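In this note's numbering, the protein residues as written are 1 to 219. All C-beta atoms, glycine included, are put in the ideal place defined by N, C-alpha and C. All values derive from a computational prediction rather than experimental measurement. Down below is the structure, laid out as structure tokens.
Next up, the structure:
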């Protein structure tokens, strides 16, 4: 099986680009951030706070991935929540729970099993460094803070969410800090990752750029 790991900060376009490339290459796309978002959503819905309480609640959480026409759908305790996990509140809680070692261990086997059974493009923040350290291709996808905030702002508006650019910018800045400074699996490029900066590229150009990198690496 072939594994492509795409890591990078919030708003870098990892999910959109990885999803498009998975279709082009007929690989299974795995959005690992969605798994943490699902756990974060569970904690929000059940008003669970504090690291110890979050860890204690894990035995009640059931997260499943299902693939329909190569599209990933997220199920939380039997309920499809793929849309519900994409709010700023859930995003911040996902960052919070992902800093807890027990949560990362809880999801580790699920992520690795997917790569053992399928050709995958997996995106997240520690795929190339922790989850799939032997991935065939490792990419660290990034863009400027302002460009990432602009893209996320437009995405939220299109979904009808009541957000502001300044609020999104502040959230991404905080998440960048939290993700890169956490003790457990901090956000950072793998030593052998290829850095791809999409600040000056359109979505279509970014997809082509990353696809070219992957194909050249796999030759």
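Taking 8 Å as the cut-off, the beta carbon of residue 16 is found closer than this to the beta carbon of residue 203.
The Cβ atoms of residue 27 and residue 139 do not sit closer than 8 Å to each other. Here residue 29 is bridged, per DSSP, to 121. Going by beta carbons, residue 180 and residue 169 fall outside the 8 Å limit. The alpha carbon of residue 135 has as its nearest neighbour, out of 146, 123, 151 and 144, the alpha carbon of 123. The Cβ atoms of residue 102 and residue 63 lie no closer than 8 Å to each other.
Ranked by Cα distance from residue 78, the first of 32, 198 and 66 is 66. DSSP places residue 3 outside any alpha helix (DSSP H); the residue lies instead in the beta strand (DSSP E), whose first and last residues are 3-7. In this structure, the straight-line span from the alpha carbon of residue 117 to that of residue 110 is close to 11 Å.
Relative to the Cα of residue 5, the nearest Cα in the group 25, 30 and 13 belongs to 30. Annotation: the segment 115-169 contains the following complete segments of the alpha helix (DSSP H) (minimum length 4 residues), in chain order: 145-158. Looking at the DSSP output, residue 66 bridges to 73. Taken through DSSP and simplified to helix, strand or coil, residue 195 comes out as strand. Bounds of the alpha helix (DSSP H) holding residue 54 are 51-57.
Residue nearest to residue 51 within the set 94, 191 and 144 is 94 (criterion: CA-CA distance).
Here residue 172 really is in contact with residue 149; their C-beta atoms are around 5 Å apart, less than 8 Å. In the DSSP annotation of this structure, the continuous segment of the alpha helix (DSSP H) that includes residue 208 starts and ends at 203-218. The beta carbons of residue 143 and residue 20 sit no closer together than 8 Å. By the Cβ-count criterion, residue 177 is exposed, with fewer than 16 other Cβ atoms from all chains shown falling within 10 Å of its own Cβ.
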